[in-house]
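>
Number of protein chains: 2
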Amino acid sequence: MPSGRGAGTARAGSFAYEYPRPAVTVDAVVFGLDEEALKVLLIERGVDPFLGQAALPGGFVRMTESLEAAVRRELAEEAGLRDIFLEQLYTFGEVDRDPRDRIISVAYFGLVNIRDHRVRGATDARAAGWHDVKRLPPLAFDHAAIVRTALVRLQGKVRYQPVGFELLPAKFTLTQLQHMYETILGRDLDKRNFRRKILEMGLLEGLPEKQTGVAHRAAQLFRFDREAYESLTRRGFNFEI
Amino acid sequence: MPSGRGAGTARAGSFAYEYPRPAVTVDAVVFGLDEEALKVLLIERGVDPFLGQAALPGGFVRMTESLEAAVRRELAEEAGLRDIFLEQLYTFGEVDRDPRDRIISVAYFGLVNIRDHRVRGATDARAAGWHDVKRLPPLAFDHAAIVRTALVRLQGKVRYQPVGFELLPAKFTLTQLQHMYETILGRDLDKRNFRRKILEMGLLEGLPEKQTGVAHRAAQLFRFDREAYESLTRRGFNFEI
DNA sequence: ACAAAAGTGTTGAACGTACACCCATGC
DNA sequence: GCATGGGTGTACGTTCAACACTTTTGT
Chain A
729 MPSGRGAGTA RAGSFAYEYP RPAVTVDAVV FGLDEEALKV LLIERGVDPF
779 LGQAALPGGF VRMTESLEAA VRRELAEEAG LRDIFLEQLY TFGEVDRDPR
829 DRIISVAYFG LVNIRDHRVR GATDARAAGW HDVKRLPPLA FDHAAIVRTA
879 LVRLQGKVRY QPVGFELLPA KFTLTQLQHM YETILGRDLD KRNFRRKILE
929 MGLLEGLPEK QTGVAHRAAQ LFRFDREAYE SLTRRGFNFE I
Chain B
729 MPSGRGAGTA RAGSFAYEYP RPAVTVDAVV FGLDEEALKV LLIERGVDPF
779 LGQAALPGGF VRMTESLEAA VRRELAEEAG LRDIFLEQLY TFGEVDRDPR
829 DRIISVAYFG LVNIRDHRVR GATDARAAGW HDVKRLPPLA FDHAAIVRTA
879 LVRLQGKVRY QPVGFELLPA KFTLTQLQHM YETILGRDLD KRNFRRKILE
929 MGLLEGLPEK QTGVAHRAAQ LFRFDREAYE SLTRRGFNFE I
């Protein structure tokens, strides 16, 4: 089993081809949100090159699994993350992006509610943890550029697709929802206008429940109604914040 | 040099690796527009598998070229197309998308003004030609799915980025521009509202020239002012049709 | 009683949409 | 002179943006 990025240089081996082949990896930029900031999941590399440095979770694609299956497997192995929202981001294929071999990486973009998914390190990764997007350590390979690409995508996407809900718990308050948008978009939104707009879309189901454990008036909880969204979308509705 | 999709099965060869590797190809979905319809550039395959069948231009990525360089080389070799608008579309990596080997394909999406670029077949491709998007022949591999993905992307993209100009000649009339949007979006636009909106954006430079060779009042010619667009974009302007 | 966040409406400006006629030109 | 597309303005409805105070609850 491939055990890190160094595998597969052109020394003697059991897999021979008529023409040279690049290696193919997948990498995941998984965003999470907590009270303070937008965070990215990073691991500490346990193998060379860049041993000990921070990097995106990822690894080699096996011959019997699809690209998406490969990222999901790596996220489970390296960070204990399963069943999260993921979509393909971009494929990075510059010739010299890996110092030792030609490696093409298919990057994925993921969103997760930090509270519901405990993260842990394993296998090639010595540790997995959340890092504030605005204060990232130096990253291995071209992973800093991959994170920048993912951030631009997130900021664009969140405005016209209801993906932000993936970052929140299943039940949330309108203020939490608003803060999520403010954190990602980097600007403040008007409370009254925000509430009117999002409620009038008809995508939120108000629950007969309130926040608990807060030292002030408890807010109503809502949940995202995926069925309503899909049904509206079929009728030509376009989400937009 | 790889001469078709069949190269690189695991029989004896000069390139050996410790772990098996998928082959990596690039494919291009190039759209063009003429008076009647939106068209896609297809070649007729000159090698197995799917010999003689229609397919997207594309081929294997070489070890010394980036992904984008590979698509540009293939487009030049197989269709004589150079210097066109291209951007990455999606990477297709299902295990069984090629019947003979594991092949991962990075698809690109291109736009071209049919009139300015004469297309011709060559190398692995026996012929290259334009086909109405709505009447495509059966395509090799999963290329029909790739074209569908590209079409969805084009329809989404054209509304909020000024890429449609790539499909028109450098100098065009407002009616040509409107028809381009109508063809891609599949719905009619109001002539007066369209003109007002696009002119007020300040992205079109009116030229002191008119259409020639038409059997009615000649329309004014315009050209897209890329510098104005970039300068406005830096100030927070968002293009939208 | 006070601190903290929840919740709630109105107004003016900007924008989108619907709609019909005269004009210039080539044949 | 007629057929063809070029070019133009207005009125109405909808949406967006700005703005401040009362209510509820826990400590």
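So the sequence lines, in the order shown, correspond to chains A and B. Just so we're aligned, residue 729 is where the first sequence starts under our numbering, counting upward by one. Just so we're aligned, residue 729 is where the second sequence starts under our numbering, counting upward by one. Even for Gly, the Cβ is constructed at its ideal location relative to N, Cα and C.
#1: Shorter than 8 Å from the beta carbon of T877(B) to some beta carbon of chain A?
#2: For a contact meaning CB atoms closer than 9 Å, what does S794(B) contact in chain A?
#3: Can you give me the Cβ contacts of R690(A) inside the same chain, cut-off strictly under 6 Å, excluding the 5 residues immediately before and after it?
#4: Measure the Cβ-Cβ separation of A850(A) and E793(A) and say whether it is below 8 Å.
#5: Going residue by residue through the segment 901-961 of chain A, where are the continuous alpha helix (DSSP H) segments of at least 4 residues, counting only ones entirely within it?
#6: To which residues of the same chain is V861(B) closer than 6 Å at the C-beta, ignoring the five residues directly before and after it?
#7: G736(B) by DSSP, collapsed to three states: which one?
#8: E796(A): which of A898(A), T753(A), L896(A), R825(A) sits nearest, CA to CA?
#9: CA-CA distance, T961(A) and D824(A)?
#10: When the distance is taken between beta carbons, is F950(B) closer than 8 Å to F900(B)?
#11: Listed from N- to C-terminal order along the chain, which residues in the segment 859-871 of chain A have their beta-carbon within a distance smaller than 7 Å of any beta-carbon of chain B?
#12: Going by the DSSP bridge assignment, what does Q889(A) pair with across the sheet?
#13: Which first and last residues belong to the alpha helix (DSSP H) in which A799(A) is found?
#14: So, is the C-beta of R830(B) closer than 8 Å to a C-beta in chain A?
#15: Could you work out which residue in Y836(A), A798(A), L779(A) is closest to G787(A) when comparing CA atoms only?
#16: Less than 8 Å between CB atoms is the rule here; does V775(A) satisfy it with respect to chain B?
#17: Going by C-alpha to C-alpha distance, which of F820(A), D953(A), D811(A) sits closest to H871(A)?
#18: Taking A765(B) as the query, report the chain A residues whose CB atoms sit under 7 Å from its CB, ordered along the chain.
#19: Could you check whether the Cβ of E673(A) sits closer than 8 Å to any Cβ belonging to chain B?
#20: Taking buried to mean at least 16 other C-beta atoms within 10 Å of its own C-beta, is G884(A) buried or exposed?
#21: Can you tell me which of the three DSSP states L882(B) falls into?
#22: Taking the straight line between their C-alpha atoms, what separation do you get for Q939(A) and A946(A)?
#23: For T819(B), list the residues DSSP reports as bridge partners.
#24: Do you know offhand how far D844(A)'s Cα is from A756(B)'s?
#25: Could you tell me the alpha carbon to alpha carbon distance between Y745(A) and V789(B), rounded to whole angstroms?
#26: Sorted by chain position, which residues of the same chain lie with C-beta nearer than 6 Å to L779(A)'s C-beta, five sequence neighbours on each side aside?
#27: Answer yes or no: does any C-beta atom of chain B fall closer than 8 Å to that of R887(A)?
#28: Taking 8 Å as the threshold, find out whether the segment 878-893 of chain A comes into contact with the segment 903-914 of chain A through three or more Cβ pairs.
#29: Compare the C-alpha of V834(B) against each of F967(A), G857(A), Y818(A) and name the closest.
#30: So, using beta-carbon positions, are L803(A) and A783(A) closer together than 8 Å?
#31: Between the C-alpha atoms of L867(B) and Q781(B), what's the straight-line distance to the nearest angstrom?
#32: With a threshold of 8 Å between beta-carbons, can M791(A) be considered close to chain B, or not?
#33: What residues of chain B sit near Q883(A), judged by a beta carbon separation below 9 Å?
#34: Taking the straight line between their C-alpha atoms, what separation do you get for Q816(B) and G838(B)?
#35: Going by DSSP, what residues sit across from F967(A) in a beta bridge?
Based on what the coordinates show:
#1: By one-based count along the second sequence, residue 877(B) stands at place 149. Answer no: the Cβ-Cβ gap between T877(B) and chain A never drops below 8 Å.
#2: Sequence index remark: in the second sequence, residue 794(B) carries index 66 (1-based). The answer, in chain order, is G821, E822, V823.
#3: With chain A running from 729 to 969 in the structure shown, residue 690(A) is simply not present.
#4: As a position in the first sequence, residue 850(A) is number 122, starting the count at 1. As a position in the first sequence, residue 793(A) is number 65, starting the count at 1. For A850(A) and E793(A), no; Cβs fall outside 8 Å.
#5: Fully contained in the segment 901-961 of chain A are the following alpha helix (DSSP H) runs of length 4 or more, in chain order: 902-913, 919-928.
#6: Numbered from 1 along the second sequence, position 133 holds the residue referred to as residue 861(B). Within the same chain, and ignoring the five residues on either side of V861(B) in sequence, the residues whose Cβ sits closer than 6 Å to its Cβ are L766, V768.
#7: The residue you call residue 736(B) lines up with position 8 of the second sequence. Only weak support is given to the placement of G736(B): the predicted model assigns it a pLDDT of 39, under 50, and the value that follows is read from those uncertain coordinates. Note: G736(B) maps to coil in three-state DSSP.
#8: Numbered from 1 along the first sequence, position 68 holds the residue referred to as residue 796(A). Measuring from the Cα of E796(A), the nearest candidate turns out to be T753(A).
#9: What you label residue 961(A) is simply residue 233 of the first sequence in a count that begins at 1. What you label residue 824(A) is simply residue 96 of the first sequence in a count that begins at 1. Taken atom to atom, the span from the alpha-carbon of T961(A) to that of D824(A) is near 43 Å.
#10: For the purposes of this step, residue 900(B) is taken as residue 172 along the second sequence, with counting starting at 1. For the purposes of this step, residue 950(B) is taken as residue 222 along the second sequence, with counting starting at 1. Annotated as proximal: F900(B) and F950(B), with beta-carbon spacing under 8 Å.
#11: Listed in chain order, the positions of the segment 859-871 of chain A with a beta carbon within less than 7 Å of a beta carbon of chain B would be empty, since no residue qualifies.
#12: Within the first sequence, numbered from 1, the residue matching residue 889(A) stands at position 161. DSSP output for Q889(A) lists no bridge partner at all.
#13: Indexing the first sequence from 1 puts residue 799(A) at position 71. The sequence given here has Val at residue 799(A), not Ala. Start and end: 795-807.
#14: On the second sequence, position 102 is the one that residue 830(B) refers to. By this cut-off, R830(B) is an interface position.
#15: Numbered from 1 along the first sequence, position 59 holds the residue referred to as residue 787(A). Checked all of Y836(A), A798(A), L779(A); the closest Cα to G787(A) is A798(A).
#16: As a working mapping, residue 775(A) is identified with position 47 in the first sequence. For V775(A), the answer is no, since every Cβ of chain B falls outside 8 Å of its Cβ.
#17: Walking along the first sequence from the start, residue 871(A) turns up at place 143. In this structure, F820(A) is the residue among F820(A), D953(A), D811(A) with its C-alpha nearest to the C-alpha of H871(A).
#18: Reading the second sequence from its first residue, position 37 is the one you call residue 765(B). Going along chain A, no residue has its Cβ under 7 Å from A765(B), so there is no contact; the nearest lies around 24 Å.
#19: This structure cannot settle anything about residue 673(A), because the visible part of chain A is limited to 729 through 969.
#20: For the purposes of this step, residue 884(A) is taken as the residue at position 156 of the first sequence. It is exposed - the Cβ of G884(A) has fewer than 16 other Cβ atoms within 10 Å.
#21: By 1-based counting over the second sequence, the position of residue 882(B) is 154. DSSP places L882(B) in helix when its eight states are reduced to three.
#22: For this step, residue 939(A) is matched to residue 211 along the first sequence. For this step, residue 946(A) is matched to residue 218 along the first sequence. In a straight line, the C-alpha of Q939(A) is about 5 Å away from that of A946(A).
#23: Here residue 819(B) refers to the residue found at position 91 when the second sequence is read from its first residue. In the DSSP assignment, T819(B) is bridged to V834(B).
#24: Reading the first sequence from its first residue, position 116 is the one you call residue 844(A). Reading the second sequence from its first residue, position 28 is the one you call residue 756(B). About 41 Å.
#25: Your numbering for residue 745(A) matches position 17 in the first sequence. Your numbering for residue 789(B) matches position 61 in the second sequence. Annotation: Y745(A) to V789(B) spans about 14 Å, alpha carbon to alpha carbon.
#26: Walking along the first sequence from the start, residue 779(A) turns up at place 51. Within the same chain, L779(A) has close Cβ partners R773.
#27: Against the first sequence, residue 887(A) aligns to sequence position 159. False, the Cβ-Cβ gap to chain B never drops below 8 Å.
#28: The segment 878-893 of chain A, when compared against the segment 903-914 of chain A, does touch it at the 8 Å Cβ threshold.
#29: Within the second sequence, numbered from 1, the residue matching residue 834(B) stands at position 106. Taking the Cα of V834(B) as reference, the smallest distance to any Cα among F967(A), G857(A), Y818(A) is reached at Y818(A).
#30: Numbered from 1 along the first sequence, position 75 holds the residue referred to as residue 803(A). Numbered from 1 along the first sequence, position 55 holds the residue referred to as residue 783(A). When the beta-carbon positions are compared, L803(A) and A783(A) stay at least 8 Å from each other.
#31: Here residue 867(B) corresponds to residue number 139 of the second sequence, with the count starting at 1. Here residue 781(B) corresponds to residue number 53 of the second sequence, with the count starting at 1. Taking the Cα positions, L867(B) is about 7 Å away from Q781(B).
#32: Along the first sequence, read from residue 1 onward, the residue named residue 791(A) stands at position 63. Residue-level contact by beta carbon holds for M791(A) and chain B, with a gap shorter than 8 Å.
#33: Taking the first residue of the first sequence as position 1, residue 883(A) is located at position 155. Simply none; closest approach about 13 Å.
#34: Translated into positions along the second sequence, residue 816(B) becomes position 88. Translated into positions along the second sequence, residue 838(B) becomes position 110. Near 9 Å, if we compare the C-alpha coordinates of G838(B) and Q816(B).
#35: Numbered from its first residue, the first sequence carries residue 967(A) at position 239. The bridge partners DSSP lists for F967(A) come to none.
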